[in-house]
Each structure stands twice: as structure tokens, then as C-alpha cells.
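The structure appears right after this line, and notes come after that.
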Amino acid sequence: MFNIVDSLNLLLPGLYAVTFMAYLVNFFKDIKRLDNVKRLFLFITLLLHAVYLLSRMITFSHPPITNVFEILTVLAFCISFSYFVLELVTDIRGTGLFIVIISLLFQIVSSLFIKDSYEVKEVLKSNLLGSHVFSALLGYSGITIAAVYGFLYLLLYRELKSSTFGLIFQRLPNLEILEKLSFYSAVIGFATLTVAIAIGGIWLPRAFQHFSYADPKLIATALVWLLYGLGIFFKISGRWQGKKVMVLSIIGFLIAIFSTFVTNFLAKSFHSFY
Amino acid sequence: MDLLAISINHRTAPVELREALHLNQDEIRAYLQELKESLLSEGFILSTCNRTEIYGLPRHDKIEFADLQRFLTQKRPINGISDDHFQQFFSSAAVNHIFRVAAGIDSLLVGDNQIFGQVKESFQIAEDQRLSGPLLKRLFDAAIRVGKRAKTETLISEGAITVSYAAVQLVEKIFSNLSKKSALVIGLGESGEIAAKHLHDKGIGKLALTNRTTEKAERLAETLQVRAIAFENFKEHLSEYDIIISATAAPDTILGKNDVKAMMRKRSGSPAVLMDIAVPRDIDPDVRKIDGVFYNDIDSLSVIVEQNMRKRMDEIPKVESIIEEETAAFFSWLSSLEVAPTIKSLRDLFEQIRAEEVKNQINKFPESDREKVDILTKRIINKILHMPTVELRKSADNSTDSAETMEMIAIIRDMFGLDKKTKE
Chain A
3 MFNIVDSLNL LLPGLYAVTF MAYLVNFFKD IKRLDNVKRL FLFITLLLHA VYLLSRMITF
63 SHPPITNVFE ILTVLAFCIS FSYFVLELVT DIRGTGLFIV IISLLFQIVS SLFIKDSYEV
123 KEVLKSNLLG SHVFSALLGY SGITIAAVYG FLYLLLYREL KSSTFGLIFQ RLPNLEILEK
183 LSFYSAVIGF ATLTVAIAIG GIWLPRAFQH FSYADPKLIA TALVWLLYGL GIFFKISGRW
243 QGKKVMVLSI IGFLIAIFST FVTNFLAKSF HSFY
Chain B
21 MDLLAISINH RTAPVELREA LHLNQDEIRA YLQELKESLL SEGFILSTCN RTEIYGLPRH
81 DKIEFADLQR FLTQKRPING ISDDHFQQFF SSAAVNHIFR VAAGIDSLLV GDNQIFGQVK
141 ESFQIAEDQR LSGPLLKRLF DAAIRVGKRA KTETLISEGA ITVSYAAVQL VEKIFSNLSK
201 KSALVIGLGE SGEIAAKHLH DKGIGKLALT NRTTEKAERL AETLQVRAIA FENFKEHLSE
261 YDIIISATAA PDTILGKNDV KAMMRKRSGS PAVLMDIAVP RDIDPDVRKI DGVFYNDIDS
321 LSVIVEQNMR KRMDEIPKVE SIIEEETAAF FSWLSSLEVA PTIKSLRDLF EQIRAEEVKN
381 QINKFPESDR EKVDILTKRI INKILHMPTV ELRKSADNST DSAETMEMIA IIRDMFGLDK
441 KTKE
């Protein structure tokens with residue numbers, strides 16, 4: 003079992019790199035044969051990544067959430083998995099490279115620095131916590147993908163506004179599709195974040211006798227949740243659309259990343275396990 | 021192979037001469053009948069707005085390119101036409117040329133979609149007029165295959181290469197489903213009418229037309245079953261449309277920045293596409309600075325056209341590779357129509373059948389008779405094949421390239437499946 007963990011830890015960055023290259027080549031050169039090949043690469047990578055995460059859980063007797071590098075590998079998996087589902091549902095295959103690269107970078111960092119801890123704090127062995135973290139990471143994956151599509155939307159928007167018709171114009175799907183992809187990702191992210199908050203709300207009083215609802219992590223999470231909730235409401239009600247919503251998705255993502263960084267590394271919070 | 025071809029096209033002659041020699045379908049039929057009686061044993065005529073071409077097998081070897089050219093030019097008085105306006109192709113060059121034409125790489129607009137249909141039509145007319153034998157039929161099949169392969173295996177016909185099509189390509193980069201969008205076309209001169217018809221063909225959800233001359237707008241609106249708006253009131257309706265195409269002949273702008281700002285306020289920021297294909301421009305170009313407005317004029321649409329043309333030009337080597345393959349296949353088939361290989365293939369086929377049957381049945385005969393069975397069956401085969409072999413050789417002695425010989429060979433090869441057997 004130990005060898006599987008080590009072997010897959012070494013293999014995963016390579017697999018993500020190969021998958022990324024397939025999407026990259028297909029973006030620059032419209033090779034029809036690569037359309038299915040790249041999806042197959044992504045599927046195999048995700049399958050082996052799932053095996054890796056399960057192996058870690060069994061080997062070390064705790065969910066892989068006990069240090070930031072374990073979180074990174076789970077996040078890498080969630081981001082690519084969310085994209086894979088989106089690609090299957092929409093059959094829009096031309097944007098994968100912008101998503102897979104994030105997984106590749108996260109996985110490289112994780113593989114280089116991940117610590118194998120048999121001994122962890124008791125509180126981190128909880129499966130309820132594991133579910134909370136996993137759904138939170140799925141939530142942040144949705145938010146990340148929404149931001150990526152928001153960014154691509156703004157790139158294409160800029161080319162169209164300035165009547166320059168480069169590779170972005172030629173290869174990306176149209177603005178409406180990019181907006182839809184971003185919105186669906188944001189909705190899924192918001193939904194899973196809601197699940198994460200709910201599970202966290204159940205787990206927190208059981209795990210910690212003394213905690214404050216003014217904890218920086220709780221405030222930051224509530225802020226991000228409210229921001230996305232409002233954005234989705236205004237979008238559905240038709241008050242906001244197009245560029246405005248896309249800019250919001252990017253701002254929301256930046257706030258989520260910044261607040262996670264601050265609360266996990268700088269502020270004093272019960273959420274700092276490291 | 022004595023295939024002759026002459027061509028007057030966009031590369032060799034100005035539009036006035038090409039127009040003068042353009043033939044409609046009835047004229048093509050009549051010309052083919054005359055050619056059949058005087059010059060060609062097989063042939064076809066291709067005539068479009070950019071070329072008129074005659075291909076054919078001459079009735080006898082004294083018939084030359086000049087005869088075909090004279091045939092064409094003497095039908096109508098044409099000032100200024102000379103031999104220099106014609107290209108001439110013989111045998112493999114003629115095959116190569118028709119393949120290039122069918123694939124669209126000889127067209128004025130490379131990758132032209134229309135030419136393939138026009139080439140197929142010319143083949144059909146030749147077949148209807150009974151001016152195509154096995155050789156031309158094979159050539160037709162190969163040319164059609166080249167055209168299809170060029171379209172499916174390369175990107176030679178991809179991307180918009182006219183301003184109207186580029187406008188639609190641009191719209192499709194903003195909106196995903198045209199059937200849920202609406203468009204207004206302002207000005208129904210040639211460009212406006214083409215744009216309106218194009219949007220209609222693309223399945224736009226709602227289309228409206230407006231023109232200074234109301235009757236023109238109403239006439240086209242009735243044809244396309246869409247709405248006509250009075251020119252005096254069209255600004256009140258601007259916000260109802262996602263796409264506005266302006267193509268009037270107005271000397272000044274008809275839509276200013278304030279008009280578009282007011283339109284966008286009513287649309288609550290929902291994106292709008294403004295295509296200004298008029299010269300001079302109808303819409304103040306400053307409107308591109310308004311959020312949610314995508315403004316393009318002829319210059320920016322021409323950029324898309326140029327890019328797509330460059331991409332098509334990059335595909336030409338792939339198409340030429342397909343043409344090379346099909347040309348080689350065609351001439352390989354042609355060489356199989358020589359007499360000696362056909363006689364050999366026929367004899368081999370009969371011998372194969374004889375040997376198999378003898379092998380399967382020989383055990384029913386006593387040992388002493390088996391050699392006799394072998395000899396007897398060989399004699400039967402030789403007697404059956406004697407007449408066909410003699411006739412084929414006689415035909416070969418007269419001329420191996422004659423249409424009659426080729427027809428005989430083609431029939432024998434088809435009837436006995438000699439080409440299938442060769443592949444097996």
C-alpha cells in the first residue's frame with residue numbers, strides 16, 4: 003500500500019502534464035483525433051488520482067486533509083473532476099487547458115512537499131470533518147472554474163470589442179456559452195459550499211467546546227457565501243448579466259482565495275490546523 | 021489517354037469575356053449534342069460565372085484544342101477573344117485540373133462550396149446526353165470523391181470568406197443560439213438584402229427589415245415572411261433587436277452614440293451586435309465604447325475574411341495530396357484496362373475455379389481416371405476462353421486506346437469481377 007501511495011504521488015504530476023499537453027496542442031491545432039484522446043487522458047488521470055486519495059486514506063487512517071499539501075492534491079482532483087463532469091454534460095472541449103493547468107500546478111506542489119503523517123490530531127480523524135472539507139473543496143473548485151470561465155469571457159469580450167480576431171476569437175466558445183459555463187460552475191460551487199457550511203455547523207460544536215461565531219474563518223466563509231448567493235440571485239432575476247457577472251465571479255474567487263490564505267496562515271482561527 | 025480539356029476562367033480572361041461564353045443548362049445540352057456529332061466521342065461541359073470548360077475524348081486523333089476553342093467562340097460573336105484566353109490540358113493534366121476544380125482549389129474564392137455542385141451537375145447532364153462512357157464515368161466518380169474528401173478531410177471550405185458570412189461568424193461568437201435572437205436590417209440594397217436572406221437562412225428567431233423606400237422593405241418582408249418597419253420609426257424599435265445590420269446608402273450616419281446609449285438602457289445592458297456594412301458608415305464608430313455593444317464595420321469584417329482565406333490557403337497542400345492519391349488511383353485503373361493483363365486475369369480466374377472444383381470432386385473418380393479429368397477440364401476452359409481471347413487480341417491490334425476496346429475490357433472486368441478478385 004505504501005508503495006502505491008509513493009508511486010502515484012510521483013506519477014500524478016506526469017499524468018496531469020500529459021493531459022494538459024493534449025488539451026494545449028488541441029487548442030492551438032484543431033486536430034480532430036485529439037478531441038477524444040485528451041478526454042481519455044483526463045479520465046485515466048482522475049481515476050488514478052481517486053485511487054491515490056483512497057490509498058492515502060487507508061494507509062494513514064485519516065482523510066487527506068491534515069496539512070495544506072494534502073488539501074492541495076484534493077483540490078487538484080476536485081477542480082479537474084468538476085471540469086470533467088462539465089465537459090461531459092456540455093460537450094464543450096476547447097477550454098480544458100485553462101482548468102487542467104490549475105490542477106497540474108497544485109498537484110506538482112503537493113507531490114513535492116506532501117508529508118505522510120500517521121500521527122495527527124484526533125480532531126482531524128473525523129469522517130464528518132472529511133466530508134465537510136471535501137464538499138468545501140468541491141465548492142471552491144466550482145468557484146475556481148467559474149472564475150476561469152469569467153476570465154476567458156473577459157478575454158474574448160475584449161477581442162470582440164476591439165475587433166481583433168486572434169486565437170482567443172478563433173478557438174474559444176462564444177460569449178453566451180462562456181457565461182453559462184461560468185454561471186453553472188458558480189451555482190454548483192455555491193451549492194456544495196452550502197453543504198460544507200451545513201456539515202461544518204453540525205461538526206463544529208462536537209469537535210470544539212469553546213469556539214466563537216466571530217471566528218475569522220466563519221466570517222470569511224459567510225462573506226463568500228453571501229457574495230455568490232447575491233450574484234446568483236441577481237443573475238437569475240435578470241438584473242445582472244454578461245460582463246458584470248463575470249467580473250463578480252473573478253472578484254468572488256479572489257476574495258475566497260485571499261480569505262482562505264489569511265484565515266489559515268495568518269489569523270488566529272480554530273481552522274488553523276497546521 | 022487522349023482526354024482533351026480547354027478552359028476559359030477567372031485567371032485567363034476578364035469578366036466580360038467569361039460572361040459572353042457563359043452557358044445555361046439548355047445551351048450546354050445543345051452544345052453537347054453538336055460536339056457528339058462532330059468532335060467528341062465522350063465529353064462534358066462545365067460553365068459557371070467564373071469559368072467555361074470543355075473536356076472530352078476526341079473522335080479521331082486529328083482533333084485538337086483549337087477545334088474545341090473554335091467550336092465555343094464561333095457560336096457567338098465575341099470581341100477581343102483570343103487563344104491566349106484559353107488554358108489547354110491533355111491527359112493527366114486534364115484529370116488533375118478537373119480534380120482541382122471539383123475540390124474548390126482552382127476557384128476565385130478558394131474552398132468555394134458552390135463549384136462542387138456545379139461539377140456534379142455538368143456530369144449529370146453529360147450522362148443524360150449519353151456522352152459518357154466507362155472512362156468518363158470513372159473520371160466523374162473520382163472527381164466527386166476528390167470533392168467530398170477535400171471537404172471532409174481538410175478545412176478547405178471552413179470559415180467565412182465574404183463580408184456577409186463574416187458578419188454571421190462574428191454574431192455566432194457572441195450568441196450561441198440564433199433561433200432565440202432577433203435582428204433588424206436597415207437598408208435593403210444588395211448588401212442588406214444578402215444579409216437579410218443569410219440571417220433568415222441561418223434560422224434567426226425574429227427578423228425585421230426597414231428601408232427608406234417602404235415598398236422594397238414590404239416586398240422582401242413578404243418573401244421572407246418577416247416584419248417590415250417604417251423607416252421613420254425604426255429608432256423606436258432598436259432595443260427590441262439583439263443584432264442590427266446597417267447597409268444604407270445614406271451620406272451621413274443614421275445612428276449616433278446617443279441613439280445606441282438609449283437603446284442599451286432599454287435593454288438593461290443585454291449585449292447587442294451592430295454591423296455597419298455601409299460605405300460611408302451608417303453608425304457612429306464611437307458606439308463601440310458603450311458597454312455591451314459590439315460594433316463592427318467592413319474593415320474589421322475584412323480582417324476575419326483575410327484570416328479565413330489564409331487558413332484555407334494553408335489547407336491547399338492537404339487537398340493536393342488527396343488529388344495526387346486519386347489521380348494515381350485513376351491511372352492505375354486505366355492501365356489495368358490494357359488487354360494483356362485482362363486476358364491473363366480472366367485465364368487465372370477460370371483456372372482457379374477449375375482447380376478448386378477438380379480438387380473437391382477428384383476423390384469421386386478412380387485413381388486411373390484422375391489425370392484424364394484434369395486434362396479434360398483444362399480443354400473445356402481453353403475452348404470457352406478461345407473466342408474472348410481472340411476478340412480481345414484483335415481489338416488490341418487495332419488500337420489499345422480505342423474507346424471500344426476499353427469498353428469491352430471494362431465490361432469483361434465487371435462481369436467476371438476481375439478487380440475484386442485482384443484485391444482479394
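Residue numbers (the numbering used here), protein chains in the order written: chain A, 3 to 276; chain B, 21 to 444.
Positions of the beta carbon are idealized from the N, C-alpha and C atoms, including for glycine.
- Linking L156/B to S352/B through their CA atoms gives a straight-line distance of about 15 Å.
- Taking 7 Å as the Cβ-Cβ cut-off, the region 297-316 of chain B approaches chain A at R308, D311, G312, F314, N316, given in chain order.
- Following the DSSP letters along the chain, one finds D32/A in no alpha helix (DSSP H), marked with neither H nor E.
- Close to V323/B, with beta-carbon spacing below 9 Å, are these residues of chain A in chain order: S165, T166, F167.
- For the region 181-209 of chain B, the beta-carbon criterion of a distance under 7 Å to any beta-carbon of chain A is satisfied by E192, K193, I194, F195, S196.
- I6/A and V53/A have their alpha carbons spaced roughly 9 Å apart.
- Restricting attention to Y315/B, A215/B, I274/B, the CA atom closest to the CA of S165/A is found in Y315/B.
- For the set L396/B, I382/B, E371/B, T362/B, the Cα lying nearest the Cα of E411/B is the one of T362/B.
- M295/B: not part of any alpha helix (DSSP H); member of the beta strand (DSSP E) spanning 292-296, first to last residue.
- Bounds of the beta strand (DSSP E) holding Y315/B are 313-317.
- For Q94/B, there is no enclosing alpha helix (DSSP H), since its DSSP letter is neither H nor E.
- For the pair A113/B and G98/A, the Cα-to-Cα distance works out to about 47 Å.
- In the DSSP assignment, I224/B falls outside any alpha helix (DSSP H), carrying neither H nor E.
- Scanning chain A for C-beta atoms nearer than 8 Å to the C-beta of G131/B yields nothing, as the closest lies near 15 Å away.
- Contact check between the region 153-167 of chain B and the region 179-190 of chain B: fewer than three CB pairs, one atom from each, fall below 8 Å, which does not count as touching.
- Of all residues in the region 267-298 of chain B, the ones placed with a Cβ closer than 8 Å to any Cβ belonging to chain A are S288, G289, S290, P291, in chain order.
- Look at the region 222-296 of chain B and you find these whole runs of alpha helix (DSSP H), each 4 residues long or longer: 234-244, 277-286.
- Excluding five sequence positions before and after I26/B, the CB atoms of its chain that fall closer than 8 Å to its own CB belong to E73, I74, F85, L88, Q89, L92, F106, Q107, Q108, F109, given in chain order.
- Separation of I253/A and A188/A (C-alpha to C-alpha, rounded to the nearest whole angstrom) is 12 Å.
- Straight across, the Cα-Cα distance linking L23/B with K331/B is about 34 Å.
- By the criterion of a C-beta distance shorter than 8 Å, A269/B is surrounded in its chain by G207, G209, A298, once the five residues flanking it on both sides are discounted.
- Under DSSP, S57/A shares a beta bridge with no residue.
- Apart from sequence neighbours up to five positions away, the residues of its chain that approach G312/B with a beta-carbon distance below 8 Å are M284, R287, G289, S290, P291, A292, ordered along the chain.
- Between L158/A and T92/A the beta-carbon gap is near 17 Å, outside 8 Å, which marks them as no contact.
- Within the region 170-185 of chain A, the residues whose Cβ lies closer than 7 Å to any Cβ of chain B are, in chain order, F171, N176, L177, E178, I179.
- For Y75/B, the enclosing beta strand (DSSP E) stretches over residues 71-78.
- Looking at G225/B, R158/B, T425/B, the one whose alpha-carbon comes closest to that of S196/B is G225/B.
- If you check the CB distance, W242/A and F236/A come in under 8 Å.
- In the three-state reduction of the DSSP assignment, G179/B falls in the coil class, being assigned neither a helical nor a strand state.
- Residue-level contact check: K245/A touches chain B, since one or more beta carbons of chain B fall below 8 Å from its beta carbon.
- Listed in chain order, the positions of the region 328-360 of chain B with a beta carbon within less than 7 Å of a beta carbon of chain A would be empty, since no residue qualifies.
- C-alpha of F350/B to C-alpha of L175/B: approximately 24 Å in a straight line.
- If the five residues before and after M329/B are omitted, its C-beta is found closer than 6 Å to the C-beta atoms of I181, all from its own chain and listed in chain order.
- Per DSSP, the continuous alpha helix (DSSP H) segment holding L156/B begins and ends at 154-173.
- A203/B: member of the beta strand (DSSP E) spanning 202-206, first to last residue.
- Sixteen is the threshold: since fewer than 16 other Cβ atoms of the shown chains lie within 10 Å of the Cβ of E39/B, the residue is exposed.
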